[in-house]
Amino acid sequence: MGGPQALASLAVAGGRLSGPHFIGLKLGVVLLALVLILRVRRRLLVRVRGLGWRRLAIGCGAASTLFYVAWILYLGGTMPSVTVAYNWNMAWLALDAFEALAALLTAVFLFRNSTLAVLTATAFSTSLCIDALFDVTTAQQGPPLLTAVLEAVLVELPFAALSAVLAAKLLAATAHGNNSSPGLDR
Numbered sequence: 002m003g004g005p006q007a008l009a010s011l012a013v014a015g016g017r018l019s020g021p022h023f024i025g026l027k028l029g030v031v032l033l034a035l036v037l038i039l040r041v042r043r044r045l046l047v048r049v050r051g052l053g054w055r056r057l058a059i060g061c062g063a064a065s066t067l068f069y070v071a072w073i074l075y076l077g078g079t080m081p082s083v084t085v086a087y088n089w090n091m092a093w094l095a096l097d098a099f100e101a102l103a104a105l106l107t108a109v110f111l112f113r114n115s116t117l118a119v120l121t122a123t124a125f126s127t128s129l130c131i132d133a134l135f136d137v138t139t140a141q142q143g144p145p146l147l148t149a150v151l152e153a154v155l156v157e158l159p160f161a162a163l164s165a166v167l168a169a170k171l172l173a174a175t176a177h178g179n180n181s182s183p184g185l186d187r
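Just so we're aligned, residue 2 is where the sequence shown starts under our numbering, counting upward by one.
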């Protein structure tokens, strides 16, 4: 069995990819990660020695990167380009509600001179980038795509950039020990 028939055998059950190919891919990624960790273990441990808890975070980040590279390649070859999305309206409403909440919390934390504004400004910036990405990549050709691109370029991405700059300024102010003033006047 090859070609489209092989892809068809990757049954979609309950909206999730399943089947022997999927399980084999996951096992292959885990084995690849183990082999790579064992091969570079000594060199890696010398570099991260003395980092404490960061050693675990670095290992998790590296393993996650390996997994996602394989996962993206797998999905790129197996996912359909057109599908039916259930609860489409709720997904977009939830994303927009998250953006509104992140913006509100950022304003509240800034008003209170809280360092938590760094986190909410970062979340707001990231969610706007995700919103722009999905607006553009899911838009139909023609006027809907033009509208999505204009909205991304003129609204979402500029606000995302401003929010990222705000988060960076707040983080720099916090790193310099200036917790009483979040660094907006610099």
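Note that beta-carbon positions come from the ideal geometry of N, C-alpha and C, so glycine has one too.
According to DSSP, simplified to helix, strand and coil, what is residue i?
{"i": "T116", "result": "coil"}
{"i": "A140", "result": "coil"}
{"i": "G178", "result": "coil"}
{"i": "A14", "result": "Because A14 sits at a pLDDT of 41, beneath the cut-off of 50, its placement in the model cannot be relied upon, and the point is left open."}
{"i": "N90", "result": "helix"}
{"i": "P81", "result": "coil"}
Give the straight-line distance between the Cα atoms of residue i and residue j, rounded to the nearest whole angstrom.
{"i": "V156", "j": "V137", "result": "13 Å"}
{"i": "G77", "j": "Y69", "result": "12 Å"}
{"i": "L134", "j": "L111", "result": "28 Å"}
{"i": "S115", "j": "L102", "result": "16 Å"}
{"i": "T121", "j": "W93", "result": "20 Å"}
{"i": "L74", "j": "L67", "result": "11 Å"}
Taking the alpha-carbon of residue i as reference, which of the options has the nearest alpha-carbon?
{"i": "A1", "options": "G60, A63, I131", "result": "Summary: the structure shown does not reach residue 1, with the chain confined to residues 2 through 187, and so no result is reported for it."}
{"i": "A108", "options": "R40, G29, L171, L147", "result": "L171"}
{"i": "A63", "options": "L37, L146, T84", "result": "L37"}
{"i": "A86", "options": "V166, T139, T79, C61", "result": "T139"}
Using the beta-carbon count (16 or more within 10 Å), is residue i buried or exposed?
{"i": "L39", "result": "exposed"}
{"i": "T123", "result": "buried"}
{"i": "L129", "result": "buried"}
{"i": "G178", "result": "exposed"}
{"i": "A153", "result": "buried"}
{"i": "S164", "result": "buried"}
{"i": "A176", "result": "exposed"}
Since I believe residue j is in contact with residue i (beta carbons under 8 Å), could you give me their beta-carbon distance rounded to a whole number of angstroms?
{"i": "L126", "j": "A161", "result": "It should be noted that the sequence gives Ser, not Leu, for residue 126. About 5 Å; that satisfies the 8 Å criterion."}
{"i": "A168", "j": "V119", "result": "5 Å"}
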